[in-house]
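Working notes, beginning with the structure itself.
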Amino acid sequence: MNDPERIFEMDFLRATEGAALMAHRWMGRGDKEAADADACDAIRGMFDLMDMRGEVVIGEGIKDEAPGIFKGEKVGTWAENSPQFHIALDPVDGTTNVSKGMGNAVSCIAAAMPSSCGENALEDIPAFYMEKLAYPEPVRRAFMADSSLPISVEAPTEEVIKITAKILGKDVRDVVVMVLDRPRNAGYIDAIRRIGAKLRMISDGDIAGRLSGPLGTAPDCVARASGIQQWITSNQLAFRGGRIRFQRSASGPRYDWSGAVPGSSAATIAAAADIIAAGGMRISFDYVPTNNTSDNWINVSVGMEASFDGQAINDGGTDYGVLLRNNGGTQRFKNGNATTGANFPATTTTRHVEYLYAFSSFGDGSNVRAKVIVDGLEVATDTFTLGGNANEFYFVVECAEVGTLVDNLTVTTIPTIYSYALTGTSFISGIEEGTSIGTMSSETYAKGPESSAYTLVSGTGDEDNAKFTIAGDQILAGSYDFTQDAHGTQYFVRIQGTGNLTGGTQQKELVLTLIKDDDADDLLDSWELTFADELTDLNGLGTGTGPGAGTGDFDGDGITDYQEFQYSRSTYPTISPILADTDGDTLDDSDEIAGAGSRPPTNPILADTDRDGLNDGAETNTGVFVSATNTGTNPTLVDTDLDGARDSFEIEKNSNPTDITSRPALPSAFGLFALTDDASSGLSTDITYTHKISGGGAATINGVTLEELNPVLTPTNFTWTVSASIGAEINPINNSTWVPATGNVTGPGLLDMLGGFTYNTYGGPGGFQTYTLSG
């Protein structure tokens with residue numbers, strides 16, 4: 015058995031047995047303090063034998079001003095490496111009953127192991143009173159089947175007793191109702207007597223009174239308001255809808271968590287101070303929905319006026335609320351305005367929910383950071399502002415589903431949620447020992463940035479710890495020779511950060527990546543050796559004018575080796591640091607990138623930037639055609655004069671590529687004609703055609719059927735190529751502004767043919783298509 019909580023379970027049980035036996039000696043002897051003291055001694059005696067590191071985090075003695083085992087006491091052997099437990103206990107709940115020889119007294123202990131990050135397993139929160147109603151299992155089943163039944167603390171007591179009698183098949187006079195004998199319960203007592211039910215009043219023993227049902231001596235109903243200092247894990251609150259809100263007493267005003275309301279107790283004011291000192295508060299609970307529908311939900315809403323009494327989640331006066339739907343959906347509300355949050359897995363088993371609020375003041379105008387976590391999954395994170403609450407702080411838990419079970423509802427100071435991050439995770443192989451690789455920074459959720467101490471620690475992911483050191487917030491290269499490792503090698507280190515203020519800790523497995531640069535010149539060795547024979551030829555740190563090895567501009571083109579390396583990783587992947595003119599177009603790389611004289615910037619790794627068939631060096635951009643080597647054309651425009659013909663085609667056909675009025679002459683067999691009706695096409699069945707092709711969809715004109723051309727279908731003895739990318743077809747839809755009818759085309763055959771077309775999907779300069787007839 016490897017579960018420490020189960021190993022120690024029987025020891026805790028024996029401690030309560032010993033307390034019960036010792037307290038039993040004082041039955042009816044009128045000395046409740048003596049009974050409590052002996053019970054405490056019995057528990058201490060058992061604790062002294064238990065090999066654990068125990069700390070009492072909740073003790074009844076302080077509250078009751080009686081002998082007790084008090085909060086903060088260390089119990090157990092506290093042997094090294096023994097398991098740690100947080101303990102809540104009441105040596106005797108019902109000391110008055112013991113002193114009077116009455117029943118319903120019990121000794122109780124709750125214990126749990128804190129998490130590895132040091133967060134408390136149990137929290138001591140201010141005691142308050144809650145209206146409660148307990149009833150037998152048949153009543154519960156009836157209520158689950160029909161939620162309209164008046165079985166609720168909000169329903170009149172007489173109605174609850176009547177329906178209970180009906181469900182149990184009894185007369186009202188035979189129903190036994192148990193009530194704790196306290197002035198606050200006078201209303202219950204009067205109602206029970208008025209209706210004629212049997213009344214069993216207990217003077218003490220709040221826990222035992224609730225457990226009397228399972229033990230077989232059950233009353234039919236238990237109605238009471240009681241302090242929740244005690245803890246009963248099987249006593250879950252079943253919602254009928256509505257909300258849970260907190261009051262100072264059963265009939266008192268709402269509980270103001272800020273302590274600002276006049277009359278707030280010293281304990282409340284102290285608790286509010288603790289919340290501000292911690293940087294906020296946490297509301298957590300477990301709940302079990304009865305279905306997975308989107309219609310049913312639970313929520314926590316904060317920031318409303320004390321007088322507000324309605325559904326808070328979507329009210330404009332509620333500062334913030336997060337609604338959790340049973341199907342796993344979430345909604346966040348700010349003053350009634352809803353937005354969607356993240357989803358969580360739907361289930362009808364227990365969900366654990368935490369609502370975290372980080373703030374430095376309860377006052378109106380204070381900013382709050384909020385986070386909601388369901389079963390460890392963060393589903394909402396927000397900021398909001400407190401406002402209109404008279405500097406007071408109230409919250410409610412609301413539910414839309416009858417039968418939802420809520421348990422372990424706690425309100426605590428916000429836990430220390432500490433985290434750190436590393437900026438800089440890669441380094442060069444030529445790094446010197448003691449050189450910084452990256453910087454660590456830390457924060458807590460509630461307090462923000464926090465100075466911290468960082469250490470290399472053993473554990474998962476610590477394989478390469480010995481290769482590095484830490485100084486302050488920097489991780490440094492150690493004495494290891496990283497030049498022996500390949501580019502991209504990963505190193506695994508485990509580092510712990512510890513907050514200097516909060517003491518919060520976090521351990522992380524970090525991955526550091528090697529950049530192969532043995533000569534530490536800011537150039538990848540593999541890139542250098544692609545062009546040069548030695549690492550010393552190219553120099554990313556040099557600032558000389560070049561050319562020459564080690565100058566920093568090996569090829570003397572006016573672009574440093576480092577700049578060419580950066581260009582090679584982005585815009586110009588094949589640029590060469592050893593060639594002044596990478597693409598061989600007679601222009602230095604620097605002149606192409608920056609532009610020179612009348613030339614605009616061009617591509618240093620493409621000799622024909624606009625893909626018009628002319629070398630960039632020949633396209634001088636003077637606007638005057640001189641010759642094929644000084645064309646005056648723009649090297650970034652495929653058709654400089656915008657006359658519809660490529661610059662190279664115009665030069666080839668003896669036309670001026672810089673003059674829009676100069677066009678290449680058509681061959682003698684060609685002419686230009688306007689197409690309007692089908693007859694204007696000149697197509698006729700009287701003519702024999704070697705090829706009948708329609709660019710786009712098929713068409714029939716004057717009885718002549720034209721074959722469709724598309725990227726899949728190509729007619730016989732015909733080829734279609736594009737200069738770049740791929741060919742595509744419009745046939746004949748989605749053709750935007752290309753509408754033949756607007757060009758006075760009326761022939762139905764022509765409309766079919768011209769309604770579709772082929773095109774080149776490359777839209778950059780120089781894109782063109784070539785059609786070739788053969789056979």
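For the sequence shown, my numbering begins at 15 and goes up steadily by one. Think of the CB as a built atom: it goes at the ideal place given N, C-alpha and C, for glycine as much as any other residue. Since the model is a prediction, treat every value here as computed from it, not as a measurement.
For residue i, does the count of other Cβ atoms within 10 angstroms reach 16, so buried, or fall short, so exposed?
i, result
"Ile57", "buried"
"Leu35", "exposed"
"Pro463", "exposed"
"Val525", "exposed"
"Asn514", "exposed"
"Ser466", "buried"
"Phe22", "buried"
"Pro587", "exposed"
"Ser162", "exposed"
"Glu578", "buried"
"Ser113", "buried"
"Phe373", "buried"
"Gly696", "exposed"
"Leu543", "exposed"
"Arg257", "buried"
"Asn111", "buried"
"Arg339", "buried"
"Tyr703", "exposed"
Could you check which residue in the options has the C-alpha nearest to that of residue i?
i, options, result
"Cys122", "Ala37, Met116, Asp45", "Ala37"
"Glu319", "Leu555, Tyr576, Leu601, Tyr269", "Tyr269"
"Gly355", "Val388, Asp567, Val382, Thr704", "Val388"
"Asn357", "Asn724, Pro276, Glu392, Thr647", "Glu392"
"Ile707", "Asp532, Leu213, Thr728, Pro170", "Thr728"
"Ala179", "Arg198, Pro152, Asn199, Asp160", "Pro152"
"Arg154", "Asp138, Ala135, Val174, Glu168", "Val174"
"Thr307", "Asn553, Pro359, Thr550", "Pro359"
"Tyr9", "Asp25, Ser698, Val190", "With the chain covering only 15 through 789, there is no way to say anything about residue 9."
"Ile701", "Leu436, Ile715, Ala274", "Ile715"
"Met192", "Lys184, Thr474, Tyr202", "Tyr202"
"Thr775", "Glu406, Ser739, Gly763", "Ser739"
"Trp92", "Met64, Gly73, Gly554", "Met64"
"Gly492", "Gly517, Ile451, Val471", "Ile451"
"Leu651", "Pro615, Ser604, Ala679, Gly317", "Pro615"
"Leu793", "Asn629, Ser582, Arg196", "It is not possible to answer for residue 793, since the shown part of the chain is limited to 15 through 789."
"Thr699", "Ala688, Val718, Leu686", "Val718"
"Glu446", "Glu412, Asp495, Val106", "Asp495"
"Glu133", "Gln98, Trp311, Lys184", "Gln98"
Under 6 Å Cβ to Cβ from residue i, same chain only, skipping five residues before and after it: list those, please.
i, result
"Asn670", "Phe639, Ser676"
"Ser248", "At Ser248, the pLDDT of 39 sits below 50, so the modelled position is not reliable; the number obtained from the coordinates is stated separately. Within the same chain, Ser248 has no close Cβ partners at all."
"Phe782", "Ser737"
"Gly330", "Asn349, Gly350"
"Gly511", "Tyr434, Ser456, Ser466, Tyr468, Gln520"
"Ile529", "Ser440, Ile442"
"Ser788", "Asn731"
"Thr786", "Thr733"
"His366", "Asp300, Asp389"
"Ala326", "Ser315, Met318, Thr332, Val410"
For residue i, which residues in the same chain have their Cβ closer than 7 Å to its Cβ, ignoring the five residues on either side in sequence?
i, result
"Gly444", "Thr497, Asp531, Asp532, Asp533, Ala534"
"Thr672", "Gly637, Val638, Phe639, Gly646, Thr647, Thr654, Asp655"
"Arg28", "Met60"
"Glu743", "Gly710, Asn724, Pro725, Gly770, Thr772"
"Glu31", "none"
"Ile674", "Asp655, Leu656, Asp657"
"Glu633", "Thr645, Thr647, Asn648, Pro649"
"Asp25", "Met60, Met64"
Within the same chain, show all residues whose beta-carbon is closer than 8 Å to that of residue i, passing over the 5 residues directly before and after it, in chain order.
i, result
"Ser380", "Phe373, Ser374, Thr399, Leu400"
Worksheet item: In chain order, which beta strand (DSSP E) runs of at least 3 residues are fully inside the region 272 to 336?
Response: 294 to 302, 311 to 316
Discussion item. Is it the case that the region 334 to 344 contacts the region 278 to 289, given that we only count it when at least three CB pairs across the two stretches are under 8 Å?
Written reply: no
Worksheet entry | Start-end ranges of the beta strand (DSSP E) lying completely within the region 712 to 778, minimum 3 residues | 713 to 715, 718 to 723, 732 to 736, 741 to 744, 771 to 774
Fill in: Three or more C-beta pairs below 8 Å linking the region 505 to 518 and the region 469 to 481
yes
Item to complete: Mind the definition here: the region 393 to 411 touches the region 484 to 492 only if three or more C-beta pairs lie below 8 Å; say whether that holds.
Response: no
Practice prompt. Tell me the start and end of each unbroken beta strand (DSSP E) in the region 378 to 403 that is at least 3 residues and wholly inside, in chain order.
Written response: Whole beta strand (DSSP E) segments, 3+ residues: 381 to 388, 391 to 399.
Item to complete: With a floor of 4 residues, list each alpha helix (DSSP H) that falls wholly inside the region 119 to 171, ordered by position along the chain.
Response: 151 to 159
Worksheet item: Okay, do the region 364 to 380 and the region 290 to 300 touch, 3+ Cβ pairs below 8 Å being the bar?
Response: Per the Cβ contact rule, the region 364 to 380 is in contact with the region 290 to 300 (3 or more Cβ pairs under 8 Å).
Worksheet item: Going along the chain, which unbroken runs of the alpha helix (DSSP H) with 4 or more residues stay wholly within the region 534 to 586?
Response: The DSSP assignment places 539 to 545, 575 to 582 as complete runs of the alpha helix (DSSP H) inside the region 534 to 586, in order along the chain (cut-off: 4 residues).
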